[in-house]
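J.: What follows is a single structure, and I will ask about it in a moment.
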Amino acid sequence: MNPYVLATLLSSLGLGTTLTFASSHWLLAWMGLEINTLAIVPLMAQHHHPRAVEATTKYFLTQATAAAVILFASTTNAWITGEWNMTNMSDPIATTMILTALALKIGLAPMHFWMPEVMQGLDLLTGLILSTWQKLAPLALIIQTAHTFDPILLTALGLMSTLVGGWGGLNQTQLRKVLAYSSIAHMGWMIIILQHAPQLTLLALLTYILMTSAAFLTLKLSYATKVSTLATTWSKNPLLTATAALVLLSLGGLPPLTGFMPKWMILQELAKQGLPLTATVMALAALISLYFYLRLCYTMTLTISPNTVTSSTPWRTQTTQASIPLALSTVMALGLLPITPTIVTLVI
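Below, the structure is given as structure tokens:
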């Protein structure tokens with residue numbers, strides 16, 4: 001892609017998200033979401049592959065539907081209350097519609113069906129943008145208007161997303177689909193705690209972005225898109241294989257890795273709020289997710305690929321890709337748990 005076009009599209013992505021962040025007016029927020037959607041569409045379809053075009057079409061239709069529902073609901077709310085301000089959402093039907101539309105935007109269950117299919121049709125870098133940057137604007141709107149939503153509805157969305165994210169990833173052989181289900185599960189963790197401690201939602205989002213970036217960049221560096229390909233990575237790059245397994249365990253939320261921190265804080269907060277049953281279901285759903293991360297780790301580190309190659313395999317393959325972003329995200333995805341007290345002091 002032409003670098004000028006790429007720069008324009010990336011700056012439009014930034015502009016759309018910033019507009020939504022800065023707005024307290026529904027029309028401006030809707031405009032930011034639309035700019036965001038239109039900026040990523042050419043990035044998704046840049047390879048002109050039928051799968052990419054199909055994924056782009058599916059993504060565009062779902063996002064356009066969600067944007068239309070947001071516009072309709074905010075207009076309804078303005079008609080009833082007489083103002084477009086986000087903080088004044090008094091109509092229960094309009095607020096429920098807006099939550100449903102924003103859940104469709106970020107891929108919360110049961111509005112998640114587009115997410116794995118779209119992710120599967122994209123290359124790894126665009127998939128990374130879709131599963132991290134594209135979540136920011138809708139999540140900002142959900143956090144801003146969280147006080148108006150029905151708590152039972154938020155809890156139901158969160159529980160369903162973590163369970164669907166766990167179950168859906170169990171039988172997958174495509175790594176992008178596994179990461180899509182992982183994204184759905186993590187969004188559930190963010191939504192479940194939103195009504196009790198929104199700052200923990202932000203903490204969970206930050207750690208999720210770090211871990212997902214490390215996972216996507218690792219797969220990009222090793223050119224792996226299927227589980228079977230992972231079995232060949234240890235002979236090419238043993239150190240990368242070791243860190244990739246740890247990143248996956250961090251995504252699963254195992255101590256002493258960074259991914260344990262948000263899960264630990266969220267479960268603690270749910271218990272404090274007198275919701276032990278919800279906390280138990282969330283912990284069990286995290287175990288289901290952990291199973292498929294462990295499956296990937298097992299394939300990477302404990303199996304030998306059945307491919308027999310007659311030529312001698314180089315111990316380390318040379319790559320032209322930038323490895324500094326991968327190194328930084330991996331270090332942060334693995335080693336931030338010891339500074340939890342500092343983060344708690346800053347966040348809470």
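If you read the sequence shown in UniProt numbering, its first letter stands for residue 1, the second for the next number, and so on. We put the beta carbon where it would ideally sit given N, CA and C, even for glycine.
Please list, in chain order, all residues of the same chain as S183 whose beta carbon is under 6 angstroms from its beta carbon, the five residues on each side excluded.
T.: S131
J.: By DSSP's criteria, Q174 is part of a beta bridge. Which residues make up the other side?
T.: As DSSP reads the structure, Q174 sits in a beta bridge with K226.
J.: Tell me which same chain residues have a C-beta within less than 6 angstroms of the C-beta of A327, skipping the five on either side of it?
T.: none
J.: Can you tell me the Cα-Cα spacing of A285 and N2, whole angstroms?
T.: 44 angstroms
J.: Between which two residues does the alpha helix (DSSP H) holding E34 run?
T.: W26 to M44
J.: Here's a check: name, in chain order, each residue in its chain whose Cβ is nearer than 8 angstroms to the Cβ of L240, leaving out the five neighbours to either side.
T.: T218, L221, S222 and T233
J.: Using a threshold of 9 angstroms, state whether the C-beta atoms of G32 and A137 are closer than that.
T.: yes
J.: Can you list, in chain order, the residues of its chain whose CB lies under 7 angstroms from that of residue 349, leaving out five sequence neighbours each side?
T.: In the structure as shown, the chain begins at 1 and stops at 348. Residue 349 is therefore absent and cannot be evaluated.
J.: Measure the C-alpha to C-alpha separation of S90 and G82 and round it to an integer number of angstroms.
T.: 11 angstroms
J.: Can you tell which of L175, V347 and Y181 has its C-alpha closest to the C-alpha of L163?
T.: Of the listed residues, the one whose Cα sits closest to L163 is Y181.
J.: Is the CB-CB distance between L28 and T20 below 9 angstroms?
T.: yes
J.: Relative to the C-alpha of S305, which candidate in T280, M187, K272 and S235 has its C-alpha closest?
T.: Of the listed residues, the one whose Cα sits closest to S305 is S235.
J.: Quick one: give me the first and last residue of the alpha helix (DSSP H) that T340 is part of.
T.: T340 to V347
J.: Give the straight-line distance between the Cα atoms of I70 and A242, rounded to the nearest whole angstrom.
T.: 44 angstroms
J.: Cutting at 6 angstroms between CB atoms, please list the residues of its own chain near W202, excluding the five before and the five after it.
T.: For clarity, residue 202 is Leu in the given sequence; the question names Trp instead. For L202, where only same-chain residues beyond five positions count, there are no Cβ hits under 6 angstroms.
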